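Comments concern the structure below.
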Amino acid sequence: LLSCNSSTLLHELAHWTGHNSRLDRSLFNKFGTEAYAREELRAEIASMLIGQELKIGHDPGQHAAYVKSWIQLLTDHPFEIHAAAADAEKILNYLLTFERKLEIKQSNANEIKPEQAIPELKKIGLFIGDEIPYEDNIFKVTGLLKKGRFRMEELNSGRFFALTKNDELYRSLINCKQQLQQTRIKDSKPDLEPVKEDISVPVPKR
Numbered sequence: 020l021l022s023c024n025s026s027t028l029l030h031e032l033a034h035w036t037g038h039n040s041r042l043d044r045s046l047f048n049k050f051g052t053e054a055y056a057r058e059e060l061r062a063e064i065a066s067m068l069i070g071q072e073l074k075i076g077h078d079p080g081q082h083a084a085y086v087k088s089w090i091q092l093l094t095d096h097p098f099e100i101h102a103a104a105a106d107a108e109k110i111l112n113y114l115l116t117f118e119r120k121l122e123i124k125q126s127n128a129n130e131i132k133p134e135q136a137i138p139e140l141k142k143i144g145l146f147i148g149d150e151i152p153y154e155d156n157i158f159k160v161t162g163l164l165k166k167g168r169f170r171m172e173e174l175n176s177g178r179f180f181a182l183t184k185n186d187e188l189y190r191s192l193i194n195c196k197q198q199l200q201q202t203r204i205k206d207s208k209p210d211l212e213p214v215k216e217d218i219s220v221p222v223p224k225r
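Here the sequence shown is numbered in this note's numbering, starting from 20 and rising by one per residue.
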C-alpha cells in the first residue's frame, strides 16, 4: 500500500512538471483561489494515475483539505474536470518519458560499439525504438516500464499500451523480430559460389 510520504511525494512530483521549462503551468497561485484549486486538482489526478502505473495505489485522504475548493471549482465550471484529467495525463506521459530518457542514457553508457557487435550472436529481445510488423500492423517499443514491462505504440491506430513478457503478443513480436534478423543476415552475406568458366578446348574443323 502507498504510504503517506509516498502519496505526498507523487503529488509534489506532479507539481514539479509545471515549471516553465517542463509543462509550463501556473504554479505561483494564492491559496484559496480558483487557480490554486485548478493546479491542486491536476496534481491529485496525476498522482492517482502515477500510483496506478507503478502499482502502488493512491491515498486520497492525504489531500482531503482541497475537496471543498474542488467542489466549488467544479460547481462553477463543470467541464473543468475534463481539462484537469487531460492535463493529468500529460503529467503522467511527461514523467514516463523522463524515465525513458534516463534509461536510454544508462543504456548508451553500456552500449557495445557497432564494430564490436556480431549480428548472428545478437540477443533477441525488445528494445526502445524497435518497430516490428505483425498482422497488418506495426508495433513500436517507446519505453520501458516497471517490472520488466514495455510501453508500446500501435502505429496504425496511435494506441499506447503496456506489454509484459507473459503476453502472447510479446512472443509473437519476438518471433517476428528473429525472422527479420535472420533475413537481414542472410541478405548481407556475399555470394561465395565460384564463377564457372568455360575451359573447354574448341575442336578445329577439318
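No residue lacks a Cβ here, since even glycine has one placed at the ideal position from N, Cα and C. Here the structure is a predicted model, which is why all the values come from computation and not from measurement.
* DSSP state of Lys159 mapped onto helix, strand, coil -> Here residue 159 corresponds to residue number 140 of the sequence shown, with the count starting at 1. Strand at Lys159.
* Start and end residues, beta strand (DSSP E) containing Ile151 -> Numbered from 1 along the sequence shown, position 132 holds the residue referred to as residue 151. Start and end: Glu150 to Pro152.
* Asked: Which residues in the same chain have their Cβ closer than 7 Å to the Cβ of Trp35, if we skip the five residues on either side of it in sequence?
  -> Position 16 of the sequence shown, counted from the start, is the residue given in the question as residue 35. Correct list: empty, nothing qualifies.
* Quick one, which of Asp95, Ile69 and Pro79 has its alpha-carbon nearest Tyr113's? -> To locate residue 113, count along the sequence shown from 1; it is residue 94. When each option's Cα is compared against that of Tyr113, the closest is Ile69.
* List the whole-angstrom C-beta distance separating Gln197 from Ile157, where the pair is believed to meet the contact cut-off of C-beta under 8 Å. => Start at 1 with the first residue of the sequence shown, and residue 197 comes out as number 178. Start at 1 with the first residue of the sequence shown, and residue 157 comes out as number 138. In fact, because the Cβ distance is near 17 Å, the residues do not count as touching under 8 Å.
* Measure the beta-carbon distance from His30 to Glu63 and round it to whole angstroms, keeping in mind my assumption that it falls under 8 Å. => The residue given as residue 30 occupies position 11 in the sequence shown. The residue given as residue 63 occupies position 44 in the sequence shown. That belief holds up - the Cβ atoms of His30 and Glu63 are roughly 6 Å apart, short of 8 Å.
* **Local conformation of Arg44 per DSSP, three classes** => Working through the sequence shown from its first residue, we reach residue 44 at position 25. Reduced to three states, the DSSP call for Arg44 is coil.
* **C-alpha distance - Ala54 paired with Arg190, whole-angstrom precision** => In the sequence shown, residue 54 corresponds to position 35, counting from 1. In the sequence shown, residue 190 corresponds to position 171, counting from 1. So the two alpha carbons sit approximately 48 Å from each other.
* Just to confirm, are Met171 and Leu182 a CB contact at a threshold of 8 Å? -> Position 152 of the sequence shown, counted from the start, is the residue given in the question as residue 171. Position 163 of the sequence shown, counted from the start, is the residue given in the question as residue 182. Yes. Within cutoff.
* Asked: With 16 as the cutoff for other CB atoms within 10 Å, does Phe180 come out buried or exposed?
  -> Taking the first residue of the sequence shown as position 1, residue 180 is located at position 161. Exposed: under 16 other Cβ atoms inside 10 Å.
* To do: Assign Asp78 to one of two classes, buried (16 or more other C-beta atoms within 10 Å of its C-beta) or exposed (fewer than that).
  => What you label residue 78 is simply residue 59 of the sequence shown in a count that begins at 1. The residue in question, Asp78, is buried, as its Cβ has 16 or more Cβ neighbours within 10 Å.
* Asked: Exposed or buried, which one is Arg61 when buried takes at least 16 other CB atoms within 10 Å?
  -> What you label residue 61 is simply residue 42 of the sequence shown in a count that begins at 1. Flag for Arg61 reads buried.
* To do: Grab me the residues of Lys109's own chain with a C-beta within less than 7 Å of its C-beta, minus the 5 sequence neighbours each way, in chain order.
  => Walking along the sequence shown from the start, residue 109 turns up at place 90. Closer than 7 Å at the Cβ level, and outside the excluded window around Lys109, lie Leu42.
* **Exposure label - Lys141; buried when at least 16 CB within 10 Å** => Against the sequence shown, residue 141 aligns to sequence position 122. Reliability of the predicted coordinates at Lys141 is poor, the pLDDT of 48 falling under 50, and the value obtained from them is presented with this limitation in mind. The residue in question, Lys141, is exposed, as its Cβ has fewer than 16 Cβ neighbours within 10 Å.
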